[in-house]
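Report on the following structure.
There are 2 protein chains.
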Amino acid sequence: MAIEALSWEKGTLILIDQTKLPEELTYLYCKSVNEIVGAIKRLSVRGAPAIGVAAAYGVVIGVNSINTDNHGQFFKELDKTISFLASSRPTAVNLFWALGQMKNKAYQVKDKSIGEIKHILEEEAIFIHNDDKDRCRKIGEYGASLIKDGYTILTHCNAGALATGGMGTALSVIYVAKEQGKRISVFADETRPLLQGARLTTWELMQDGIDVTLICDNMAGMVMKQGKIDLCIVGADRIAKNGDTANKIGTYQVAILAKEHNIPFYVAAPFSTIDFNTSNGSEIPIEERAFDEITIGFGKRTAPKEVKVYSPAFDVTPSSYIKAIITERGIIRPPFKESLINLT
Amino acid sequence: MAIEALSWEKGTLILIDQTKLPEELTYLYCKSVNEIVGAIKRLSVRGAPAIGVAAAYGVVIGVNSINTDNHGQFFKELDKTISFLASSRPTAVNLFWALGQMKNKAYQVKDKSIGEIKHILEEEAIFIHNDDKDRCRKIGEYGASLIKDGYTILTHCNAGALATGGMGTALSVIYVAKEQGKRISVFADETRPLLQGARLTTWELMQDGIDVTLICDNMAGMVMKQGKIDLCIVGADRIAKNGDTANKIGTYQVAILAKEHNIPFYVAAPFSTIDFNTSNGSEIPIEERAFDEITIGFGKRTAPKEVKVYSPAFDVTPSSYIKAIITERGIIRPPFKESLINLT
């Protein structure tokens with residue numbers, strides 16, 4: 001796994017510009033909070049865990065630019081920076097989780113010198129990043145126990161190395177299964193409107209030599225009916241405490257199709273994706289995206305100019321469709337209301 | 345309903361070039377069988393009934409170009425023309441049905457002069473076209489009885505005026521319901537890869553002032569879960585004698601989603617779509633399309649160059665998911681094996 005969606009070098013956050021993949025592998029060098037917020041909004045960096053890591057580094061870049069000896073002034077600026085980063089996208093809870101970690105750390109050491117606080121915050125962001133790498137691998141190791149030699153796995157959107165600080169969540173399971181010598185094939189939903197499956201999942205699996213076949217989202221049912229799929233696995237942007245899971249739009253119907261074809265449907269995500277302040281999926285805010293992501297997706301207008309569009313970026317899969325949630329703390333099975341809280 | 349997908353003028357078949365919609369409303373003037381086969385393959389004309397009508401006119405254009413007084417030679421050329429037209433696309437049965445009608449007619453009058461046969465074939469093609477218009481309206485009238493004032497209807501692909509010689513099949517139901525004074529809203533699946541829903545269905549409904557909202561195929565489940573959809577209605581490319589229905593890829597999963605949300609799912613199609621030579625859906629040949637329709641859909645490459653792709657153009661919805669089939673002979677309900685044959 002050579003791909004790293006993001007890296008930190010001497011105060012600069014280096015991101016693969018995922019809007020350019022698969023045609024160009026180019027990097028963004030972010031030196032300001034503005035640039036990071038822009039990169040998150042534009043989806044140059046995306047995927048719930050990766051957004052969390054990017055935001056943590058965003059706090060470091062933000063505080064490093066605060067020129068004051070006054071603690072009150074410093075914390076006021078810090079809070080503003082965190083609020084600005086939090087405004088970038090509404091659904092992925094890892095963003096708020098990572099910003100919360102950074103804020104707590106800062107207030108824990110608030111009596112130290114501003115220079116020391118800045119240093120501690122940089123260490124905290126690096127810790128969050130490294131921790132994400134560890135968690136990805138652990139998710140992969142737990143998840144791989146569910147994968148048999150010869151399995152074909154369907155995934156939606158991109159929950160891979162490109163979506164995390166490490167080797168991914170859903171795709172980490174596939175990478176580890178492959179390391180274990182299992183022969184794995186993958187069907188990747190293209191994932192309209194922004195085609196993260198077509199552009200990112202196929203690309204990163206092909207980098208690792210994994211057999212992957214691209215389909216349109218509306219082909220998943222037929223492929224399942226043909227008996228081609230043994231298991232579905234997806235990532236998550238936020239999981240309510242009852243197990244209801246917000247993930248990329250289209251996930252909900254993959255879960256329904258899996259149920260109809262008796263195919264197990266798994267969610268893989270770090271434990272930080274579970275939002276214990278959200279009792280069920282109906283409370284998760286769902287971002288709506290700009291209409292032209294659908295109507296002028298790739299340079300050419302493909303719908304009438306005045307057409308009405310509905311463009312939710314995420315949907316919620318009720319926990320009843322989910323066979324298990326794979327986290328770095330283990331494989332969590334229903335009833336989720338009890339099993340999730342037991343692992344806190 | 346001003347739109348006509350095709351018209352016949354003095355030996356020329358005039359087609360809206362549907363590959364150019366919605367950006368440009370341009371027409372193709374087909375004066376050779378080659379041009380018609382090209383237009384069908386390229387999907388400049390598409391939709392099972394419209395393909396049938398276009399092919400019937402193709403036979404007329406073909407025979408008009410045969411310069412011989414020899415009946416044996418004439419029928420040899422006629423058979424060649426019909427075979428060539430039949431090779432254009434494999435799934436829609438109306439193509440073979442219309443070509444069969446033309447062939448039967450020619451052989452019925454084989455003892456007449458070649459000039460007379462040519463004239464009779466032109467009349468037959470015009471009859472098939474006008475008959476399709478009548479059938480579309482009747483489908484609309486039967487179907488509209490299922491539609492209540494205030495209904496919101498989800499449709500997939502384009503089964504409208506652009507897909508037929510008349511006012512459509514699935515969309516005819518909507519047009520007639522609107523004529524009856526019912527307030528109707530529509531959600532249109534964009535229908536990857538070629539976006540017939542985004543490009544054609546929204547366009548033709550907007551021409552008629554019907555409220556339509558565009559969604560990506562992977563949003564249908566969420567929209568249903570939100571309680572926005574009262575009824576689903578789609579067209580058909582071929583219906584087996586047990587009611588299994590081949591239609592645009594993605595239809596099968598719309599049917600599953602409808603079932604999961606207790607939403608009735610209807611198929612609307614002329615009776616000629618029913619293929620009594622096909623006992624069930626597994627016998628229907630499914631066309632696979634070129635990979636670049638998915639990977640370079642609209643001018644920009646959106647998947648790695650070497651990626652494997654699976655691109656079926658159609659899928660089969662088992663009859664158990666279909667509440668009724670709306671034809672010009674009435675609304676046909678399960679068990680289809682008996683109810684379909686009863687109407688022949």
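One line per chain: the protein sequences are B and X, in this order. Just so you know, the first sequence maps onto residues 1 to 344 in this note's numbering. Just so you know, the second sequence maps onto residues 345 to 688 in this note's numbering. In this text, a Cβ means the ideal position worked out from N, Cα and C, and glycines have one as well.
query	result
Should TYR252(B) be flagged as near chain X, meaning a C-beta pair shorter than 8 Å?	yes
State the DSSP-derived secondary structure class of GLY243(B), mapped to helix, strand or coil.	coil
Specify the secondary structure class of CYS576(X) as computed by DSSP and reduced to three states.	strand
Mapping DSSP to helix, strand and coil, what is PRO348(B)?	Only positions 1 to 344 of chain B appear in the structure, and residue 348(B) is not among them; the question remains open.
Bridge partners of ARG582(X), per DSSP?	ALA590(X)
Report yes or no: do the region 650–668 of chain X and the region 591–608 of chain X share at least 3 C-beta pairs separated by less than 8 Å?	yes
I'd like to know if LEU558(X) contacts chain B, where contact means its C-beta is closer than 8 Å to some C-beta of that chain.	yes
For the region 519–539 of chain X, enumerate the residues whose C-beta is nearer than 8 Å to any C-beta of chain B, in chain order.	PHE531, ASP533, GLU534, THR535, ARG536, PRO537, LEU539
Evaluate SER44(B) with the Cβ neighbour count: other Cβ atoms within 10 Å of its Cβ, from every protein chain shown; 16 or more gives buried, anything less gives exposed.	buried
For a contact meaning CB atoms closer than 7 Å, what does LEU257(B) contact in chain X?	GLN597, ILE600
Among all the DSSP beta bridges, which residues are the ones paired with SER529(X)?	THR496(X), ASP555(X)
Helix, strand or coil: which one does DSSP assign to GLY510(X)?	coil
Run the CB neighbour count on GLN452(X), radius 10 Å, all protein chains shown included, and call it buried at 16 or more, exposed below.	exposed
May I ask you to check if the CB of ARG46(B) is nearer than 7 Å to at least one heavy atom of the ligand COA?	Inclusion of the ligand COA in the displayed structure is not the case, the ligand content being empty and no account of it being possible.
Along chain B, in chain order, which residues have C-beta atoms closer than 9 Å to that of PHE440(X)?	Result: empty, since nearest Cβ-Cβ is about 23 Å, beyond 9 Å.
In chain order, what residues of the region 373–404 of chain X put their CB closer than 9 Å to some CB of chain B?	none
Assign LEU15(B) to one of three DSSP states: helix, strand, or coil.	strand
Does the structure place the region 290–300 of chain B close enough to the region 252–263 of chain B that three or more beta carbon pairs sit under 8 Å?	no
Looking at the C-beta of ALA436(X), does it have a partner C-beta in chain B at a distance below 8 Å?	no
I think ILE503(X) touches ALA612(X), with their Cβ atoms under 8 Å apart; what is that distance to the nearest whole Å?	One detail in the question is off: residue 503(X) reads as Ala in this sequence, not Ile. About 7 Å; that satisfies the 8 Å criterion.
Buried or exposed for GLU672(X), going by 16 or more other Cβ atoms inside 10 Å?	buried
Per DSSP, SER7(B) is paired with what?	ILE14(B)
Quick check on DSSP: helix, strand or coil for GLY29(B)?	Note on identity: in this sequence residue 29(B) is Tyr, with Gly being the wrong assignment. Reduced to three states, the DSSP call for TYR29(B) is strand.
Would you call GLN101(B) buried or exposed, if buried means 16 or more other Cβ atoms sit within 10 Å of its Cβ?	buried
So ILE294(B) contacts chain X; which residues on that side make the cut at Cβ distance below 9 Å?	GLU534, ALA542, LEU558, ILE559, CYS560
For SER376(X), which residues of its own chain have a beta-carbon under 8 Å away from its beta-carbon, when the five flanking residues on both sides are left out?	ILE405, SER409
Give the interface partners of PHE298(B) over in chain X, defined as CB-CB distance under 8 Å, in chain order.	GLY641, PHE642, GLY643, LYS644, THR646
Which residue marks the beginning of the beta strand (DSSP E) containing PHE265(B), and which one marks its end?	265–268
Taking DSSP's pairing of strands, which residues face ILE461(X) in a bridge?	Answer is none; ILE461(X) lacks a bridge partner.
So VAL275(B) and VAL93(B) are supposed to be a Cβ contact under 8 Å. How far apart are they, rounded?	The identity of residue 275(B) in the sequence shown is Asp, whereas the question assumes Val. Right, their Cβ atoms sit about 4 Å apart.
Rounded to the nearest angstrom, what separates GLU122(B) and TYR57(B) at their Cα positions?	7 Å
Within a Cβ cutoff of 6 Å, which residues of the same chain sit near ASN414(X), ignoring the five residues on either side of it in sequence?	none
DSSP three-state call for GLY571(X): helix, strand or coil?	coil
How would you label GLN417(X), buried or exposed, when you count the other beta carbons within 10 angstroms and need 16 or more for buried?	exposed
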